[in-house]
Amino acid sequence: MIALVHGEVAVRRPDHVVVSCAGVGYRLAVSSETLRHVPAAGKPVTLHSHLIVRDDALQLYGFASEEERDLFLMLLGVQSVGPKVALAVLSGGTPRDLLRALAAGDAARFQAVPGIGKRTAERIVVELREKVAAHAAPDETVAVHRGDDPRSLAREGLLGLGFTGVEVDALLSGAPDGTPEELIAHALKAARP
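Mapping of the sequence shown onto the numbering used here: position 77 corresponds to residue 72, and the numbering continues sequentially without gaps.
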């Protein structure tokens, strides 16, 4: 897993950046919120990242903060939300603002994102609201809670391996209780043709 990319900005575009690291250029898809924190070409940058492995591609996504990356991973866990839609959501404001909107149940905020209809916006709020806790004081950080639930951890791991939310739900549906590792092993066995 590539968790962090540090190097010099080689290319800066509206939807991606290329970071040159030790002679290799890494193309990272980014939200407009992250792009605001990326300096001009030739300047040093550090981006948190997440790699998604598909049959036909390795896709690297970059984030200005760990909080934004965690929110991206949470969004990927929602049915009908893929990486492009998750980046579109992240482009709609700071992670703190988006987490507050989730905690408040503000589905209209997510429905305003291109590519998200009313049902998907409501699904995002319903599925993620409990995972997000907003502190009472406005200047405190909004936390992302991953929890210690083995199924949630296994789900996150399978999403990281490139399975879609629907595939993960199907693979874990009949799995017996166990550790995250056991659940992932069960799911991988079930995924074999």
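Heads up, the beta-carbon is just placed ideally off N, CA and C, and yes, glycines get one too.
Computed from a predicted model, the values in this text were never measured in an experiment.
Exercise for the section: Kindly provide the ranges of any alpha helix (DSSP H) runs that are 4 or more residues long and lie completely inside the stretch 154 to 178, ordered along the chain. Expected result: 160 to 167
Problem - Neighbour-count burial assignment, Lys126, 16 or more Cβ in a 10 Å radius - result: buried
Handout entry: beta strand (DSSP E) segment containing Glu13, residue limits
Key = Checking the displayed sequence, the identity of residue 13 turns out to be Val instead of Glu. Start and end: 11 to 16.
Handout entry: Opening and closing residue of the alpha helix (DSSP H) in which Pro78 lies
Key = 78 to 85
Problem - Nearest neighbour of Ile(-3), chosen from Arg8, Val48, Val40 [CA to CA] - result: Val48
Problem - Contact under 8 Å by Cβ, Gly110 with Ala149 - result: no
Exercise for the section: Measure the alpha-carbon distance for Gly192 versus His1 and round it to whole angstroms. Expected result: What is shown of the chain runs -4 to 188, which leaves residue 192 out entirely.
Problem - Ala(-2): first and last residue of the uninterrupted beta strand (DSSP E) it sits in - result: Here Ala(-2) belongs to no beta strand (DSSP E), and DSSP marks it neither H nor E.
Exercise for the section: Name the one or two DSSP bridge partners that Pro39 has. Expected result: Glu3
Exercise for the section: For Ser168, count neighbouring C-beta atoms within 10 Å of its own C-beta (all shown protein chains included) and say buried if the count is 16 or more, exposed if not. Expected result: exposed
Problem - Rounded straight-line distance, which links the Cα of Glu162 to that of Ile179 - result: 12 Å
Handout entry: Three-way DSSP call (helix, strand, coil) for Val48 in this model
Key = strand
Practice task
Could you tell me the boundaries of the alpha helix (DSSP H) in which Gln106 lies?
Solution key: 102 to 106
Handout entry: Status (buried if at least 16 other CB within 10 Å, exposed otherwise) for Val76
Key = buried
Handout entry: Burial state of Val137 (16 or more Cβ within 10 Å)
Key = At Val137, the pLDDT of 49 sits below 50, so the modelled position is not reliable and the matter cannot be decided from this model.
Exercise for the section: Between the Cα of Ala107 and those of Pro90, Leu85, Leu123, Ala182, spot the shortest distance and give me the residue it belongs to. Expected result: Leu85
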